[in-house]
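Trainee: Protein chains in written order, with my numbering: chain U, 107 to 317; chain L, 107 to 317; chain Z, 107 to 317; chain P, 107 to 317.
Protein chains: 4
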Amino acid sequence: MTQSKAGTGAPGDAAKPRERYNRDDVVIAAAISVMSEKGYPSTSIQDVASRVGVLKGSLYHYFNSKEELLFRILQESHEQTREIHERIEQLDLPPLEKLLLNVRRSSEWFLANVERANIFFTEMKHLTGERHATAAGWGRAFERSISDCVVAGQADGTIRKDIDQRLLTRFVLGSVNNVRFWPSRRSGRQFDTDTIVDALVALVGDSVRAR
Amino acid sequence: MTQSKAGTGAPGDAAKPRERYNRDDVVIAAAISVMSEKGYPSTSIQDVASRVGVLKGSLYHYFNSKEELLFRILQESHEQTREIHERIEQLDLPPLEKLLLNVRRSSEWFLANVERANIFFTEMKHLTGERHATAAGWGRAFERSISDCVVAGQADGTIRKDIDQRLLTRFVLGSVNNVRFWPSRRSGRQFDTDTIVDALVALVGDSVRAR
Amino acid sequence: MTQSKAGTGAPGDAAKPRERYNRDDVVIAAAISVMSEKGYPSTSIQDVASRVGVLKGSLYHYFNSKEELLFRILQESHEQTREIHERIEQLDLPPLEKLLLNVRRSSEWFLANVERANIFFTEMKHLTGERHATAAGWGRAFERSISDCVVAGQADGTIRKDIDQRLLTRFVLGSVNNVRFWPSRRSGRQFDTDTIVDALVALVGDSVRAR
Amino acid sequence: MTQSKAGTGAPGDAAKPRERYNRDDVVIAAAISVMSEKGYPSTSIQDVASRVGVLKGSLYHYFNSKEELLFRILQESHEQTREIHERIEQLDLPPLEKLLLNVRRSSEWFLANVERANIFFTEMKHLTGERHATAAGWGRAFERSISDCVVAGQADGTIRKDIDQRLLTRFVLGSVNNVRFWPSRRSGRQFDTDTIVDALVALVGDSVRAR
DNA sequence: AATGAATGAGGTTTCATTCAT
DNA sequence: TATGAATGAAACCTCATTCAT
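And the structure:
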């Protein structure tokens with residue numbers, strides 16, 4: 107029903123100058139903002155509509171259901187992170203370096219898209235049926251992009267073998283997921299992305315490296 | 107109106123010999139189970155009532171509002187973890203060892219109380235007003251129990267100084283928080299608590315230790 | 107969710123004197139009245155609530171969905187007509203007489219329950235899924251109670267054989283269904299039930315009898 | 107985006123001589139199809155638009171409101187059946203024969219236009235105001251085309267007098283209305299129009315004929 | 001003619017909460 | 001304590017209709 111087909115938000119979309127700002131993107135952006143703050147179930151269509159500046163009924167031109175809206179947001183996040191992982195995959199790097207590059211790029215994306223990341227990691231469970239299954243697959247793909255490196259790193263001796271690869275994977279994955287909380291927070295000076303990412307990579311590197 | 111707070115389950119509760127299961131605890135347990143699975147906003151009073159085996163109107167004998175129910179759950183979690191931290195605080199241990207013991211005991215508690223931990227880390231934001239402020243303080247107390255060790259460890263040279271203490275703290279905190287996801291998961295053999303905790307302590311230790 | 111278990115409305119329910127008027131029946135009666143007049147899709151829950159004198163949300167104590175409400179209404183009608191048919195079935199009568207008795211008793215019920223009959227014959231298609239399948243079975247049962255007589259009557263020579271039994275059945279069935287429209291109508295004197303039923307039986311009898 | 111549906115393919119579309127297939131007819135046909143199946147209230151403008159292959163906003167070039175669309179459909183049906191009745195009226199036939207010819211021709215039309223007939227008999231009540239009054243008049247005209255014959259037939263002794271003319275009329279009218287349900291139905295062989303109509307005429311004739 | 005975005009009212013349903021019994 | 005009926009607000013969603021392009 108909704109035909110709007112707005113680029114993924116990736117650069118290069120800005121081509122046509124007379125291209126009027128796609129309302130689809132505005133809607134998604136509004137939804138991301140509210141859902142990241144209040145969580146999916148507590149976000150009402152009215153909340154999103156208010157932020158976009160239309161009546162709630164009008165939003166149904168852009169999606170067919172609230173759940174579909176969530177799905178689209180998650181999908182965009184998945185596509186962007188998948189692209190990051192694919193690009194790394196094609197590089198010819200030793201496993202540990204590949205792992206740490208993954209940590210670096212992923213963290214950078216999370217820090218640049220904190221709200222999207224929040225939603226990706228906490229709201230997926232509210233999808234149902236086929237959409238849930240699809241999204242769960244995305245989560246597994248993310249995990250595999252890390253576990254592949256871990257396994258290879260254990261095989262070539264650069265990653266410690268005294269801890270099972272599944273646990274190592276979860277540790278790394280958790281560390282990356284949590285980086286979205288590192289800025290935010292009250293008081294004191296904030297840290298810039300580079301500082302945070304460098305710290306995270308150093309910490310993760312020192313924890314998993316074979317000694 | 108009734109906050110009946112009958113003994114922690116300790117024996118010797120006057121009349122009824124031995125401990126009689128307090129209905130209050132049954133309600134809290136049911137709420138924890140449902141809220142951990144569906145999240146606070148998606149959990150209805152009816153859900154809890156169904157699990158207790160009572161009509162929803164009856165639940166209001168045990169709490170005054172849904173939010174108060176959540177607050178009590180968080181409060182219990184806070185009290186239990188605070189006790190852990192206080193006990194460690196009283197030990198005379200070098201900072202790094204104290205930090206790792208904190209990681210160890212906290213992880214053990216999280217793994218033994220995965221549902222409570224889920225709620226503690228994800229539903230706190232749904233409190234409002236004074237209750238929110240109070241609970242936020244609990245979160246900060248948890249964080250401080252870790253950051254105190256980090257600061258002291260940097261001072262005595264056992265913890266790396268090339269990374270700001272706030273970032274180190276968040277890294278450790280995040281690792282501990284995430285341990286509740288390590289079991290669960292599909293497939294393969296699961297890991298027992300000791301294995302998980304040993305792995306986590308080793309990883310965190312190797313990452314923050316001065317070299 | 108709804109535990110109200112109110113008799114089928116059949117006589118004999120009046121047992122317990124302190125039995126407070128069952129609200130269930132009030133709701134069903136209100137729904138029958140509105141739905142018969144406006145049709146199921148055009149009847150809003152609000153319409154029913156207004157007639158009962160409660161807020162629309164309150165009605166959900168009595169049923170779980172609008173469709174279930176319709177189903178219950180149809181179910182009651184089915185049970186009442188089925189009982190009529192079963193009672194006739196047990197009589198030891200020649201087929202044609204049995205058929206005409208069926209026409210008589212069915213017509214009487216329709217004329218005494220015009221609103222229920224309206225709903226039974228026109229709103230069944232708005233059920234979905236399993237409920238639709240069940241209700242469709244009721245319709246077939248009704249049809250069979252007539253076609254059985256027709257077949258038997260053709261066999262014993264009392265019912266004309268120059269017309270296929272299926273067509274005879276549909277003719278009789280249609281005639282009975284339509285009797286609910288005979289009173290109503292504007293102007294002139296109305297006809298009492300006996301007059302109408304006698305006329306119908308005479309007409310149907312003369313049309314299907316073998317000559 | 108252009109579904110131009112010009113002419114039946116018949117040559118000579120040029121200056122629009124003869125009839126050119128009016129888009130209007132396509133819309134009406136689509137509406138008849140959907141409304142017959144789902145009923146007027148449950149038929150959305152979007153349903154009709156989808157079947158036409160046009161966006162719903164566009165449909166408002168063909169009618170001013172959903173109700174007007176229904177009115178036009180009923181109007182067409184009325185005009186066609188009225189023509190049938192007028193033609194019969196002009197014949198010089200004895201009343202009973204005229205009645206049975208009416209039954210025959212009407213049934214033929216209903217069977218050839220089952221969807222239109224469905225709408226004519228079930229959706230008229232959803233008209234409002236003046237349109238409702240007008241359409242109600244059509245219904246009465248239909249009824250009178252039958253009752254006139256009945257009255258005349260009773261006068262000349264060919265139609266039974268033991269039953270009030272109003273009841274006879276309703277019986278005949280109901281029988282004709284119901285014939286639209288005779289085909290359809292599951293299983294077995296279907297019946298062709300002639301078979302059905304012959305059966306109906308025979309049955310109605312035998313029921314009303316004076317004996 | 002056609003589009004598609006927007007409107008605004010109304011639909012069904014859920015739910016935290018209250019209260020007389 | 002427990003019940004269950006009732007409330008009233010708010011949730012998601014649909015839809016007939018309008019209108020600038």
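Here a beta-carbon is modelled for each residue, glycine too, at the ideal position from N, C-alpha and C.
Quick caveat: nothing in here was measured; it's all calculated off a predicted structure.
So, with DSSP's three-state summary, where would you put L:Arg315?
Mentor: strand
Trainee: Tell me the rounded alpha-carbon separation between L:Val307 and L:Arg210.
Mentor: Rounded to whole angstroms, the gap between the alpha carbons of L:Val307 and L:Arg210 is 6 Å.
Trainee: Determine the extent of the alpha helix (DSSP H) in which Z:Arg157 is found, giving its start and end residues.
Mentor: Ile151 to Val158
Trainee: Return helix, strand or coil for L:Ile265, following the three-state DSSP convention.
Mentor: strand
Trainee: Applying the 10 Å Cβ sphere with the 16-neighbour rule, what's the burial state of P:Tyr168?
Mentor: By the neighbour-count criterion, in which 16 or more other beta carbons inside 10 Å mark a residue as buried, P:Tyr168 falls on the buried side.
Trainee: With a CB to CB cut of under 7 Å and the five nearest residues on each side skipped, what residues in its chain are close to U:Thr187?
Mentor: Ser212, Trp215 and Phe248
Trainee: Return helix, strand or coil for P:Trp244, following the three-state DSSP convention.
Mentor: Looking at P:Trp244 - three-state DSSP - the assignment turns out to be helix.
Trainee: Quick check: P:Leu279 and P:Val314, are their CB atoms within less than 7 Å of each other?
Mentor: no
Trainee: Looking at the structure shown, is L:Asp270 part of a helix, part of a strand, or coil, going by DSSP?
Mentor: The answer is coil: DSSP assigns L:Asp270 none of H, G, I, E or B.
Trainee: Assign U:Asn284 to buried or exposed, taking buried as 16 or more other Cβ atoms, counted over all protein chains shown, within 10 Å of its Cβ.
Mentor: buried
Trainee: When the Cα of P:Leu202 is compared with those of P:Glu221, P:Gly259 and P:Asn224, which residue comes out closest?
Mentor: P:Gly259
Trainee: Contact between the stretch 262-276 of chain P and the stretch 232-241 of chain P: three or more CB pairs below 8 Å?
Mentor: no
Trainee: At least one CB of chain L closer than 7 Å to the CB of U:Asp312: is that the case?
Mentor: yes
Trainee: Could you tell me if L:Ile302 is buried or exposed, where buried requires 16 or more neighbouring beta carbons within 10 angstroms of its beta carbon?
Mentor: buried
Trainee: Does the structure place the stretch 177-194 of chain P close enough to the stretch 176-185 of chain Z that three or more beta carbon pairs sit under 8 Å?
Mentor: no
Trainee: Which of the three DSSP states, helix, strand or coil, is assigned to U:Asp119?
Mentor: With a pLDDT of only 38 at U:Asp119, under the threshold of 50, the placement of this residue in the model should not be trusted, and no figure is reported.
Trainee: Roughly how far, in whole angstroms, is the beta-carbon of P:Pro200 from the beta-carbon of P:Asp153, given that I think they are within contact range, below 8 Å?
Mentor: Actually they do not touch by this definition, with Cβ atoms about 47 Å apart.
Trainee: Excluding five sequence neighbours on each side, which residues of the same chain lie with their C-beta closer than 7 Å to the C-beta of U:Gly311?
Mentor: Non-local C-beta neighbours of U:Gly311 in its own chain, meaning closer than 7 Å and more than five positions away in sequence, comprise Leu206, ordered along the chain.
Trainee: Run through the stretch 210-261 of chain Z for me and flag every whole alpha helix (DSSP H) of 4 or more residues, listed as ranges in chain order.
Mentor: 220-228 and 235-261
Trainee: Which of the three DSSP states is assigned to Z:Tyr168 in this structure?
Mentor: coil
Trainee: If contact is defined by three or more beta carbon pairs under 8 Å, each pair taking one atom from either stretch, is the stretch 220-234 of chain Z in contact with the stretch 134-147 of chain Z?
Mentor: yes
Trainee: Compute the Euclidean distance between the alpha carbons of P:Thr299 and Z:Asp270, then round it to the nearest angstrom.
Mentor: Taking C-alpha positions only, P:Thr299 is separated from Z:Asp270 by approximately 14 Å.
Trainee: Under 7 Å Cβ-Cβ, which residues of chain P neighbour Z:Ser139?
Mentor: Correct list: empty, because the minimum Cβ distance to chain P is about 15 Å.
Trainee: If we ignore side chains and look at the alpha-carbon of each, how far apart do Z:Ser290 and P:Leu233 end up?
Mentor: Between Z:Ser290 and P:Leu233, the C-alpha separation is close to 19 Å.
Trainee: Taking the Cβ atom as the reference point for each residue, do P:Ile138 and P:Arg222 lie within a distance shorter than 7 Å?
Mentor: yes
Trainee: Which one of P:Arg157, P:Thr149, P:Val140 and P:Met141 has the shortest CA to CA distance from P:Arg129?
Mentor: P:Arg157
Trainee: Have a look at L:Ala316 and L:Asp254 and give me their C-alpha separation to the nearest angstrom.
Mentor: Distance between the alpha carbons of L:Ala316 and L:Asp254 is about 16 Å.
Trainee: Excluding five sequence neighbours on each side, which residues of the same chain lie with their C-beta closer than 6 Å to the C-beta of P:Trp244?
Mentor: Hits under 6 Å: His184.
Trainee: Taking all protein chains shown into account, decide if Z:Leu161 is buried (16 or more other Cβ within 10 angstroms of its Cβ) or exposed.
Mentor: exposed
Trainee: Is U:Ala241 close to chain L, meaning its C-beta is less than 7 Å from at least one C-beta of that chain?
Mentor: Not an interface residue.
Trainee: Output the distance between the C-alpha atoms of P:Tyr166 and U:His191, rounded to the nearest integer angstrom.
Mentor: 51 Å
Trainee: Just checking my contact of U:Leu217 with U:Arg286 at CB under 8 Å: how many whole Å lie between their CB atoms?
Mentor: Confirmed, Cβ separation roughly 7 Å.
Trainee: Which residues of chain L have a Cβ atom closer than 8 Å to the Cβ of U:Phe287, listed in chain order?
Mentor: Arg276 and Gly280
Trainee: Give a yes or no on whether the minimum CB-CB distance between L:Pro147 and chain U is below 7 Å.
Mentor: yes
Trainee: Where does Z:Leu161 fall in DSSP's three states?
Mentor: coil
Trainee: Could you give the DSSP three-state label for U:Pro201: helix, strand or coil?
Mentor: helix
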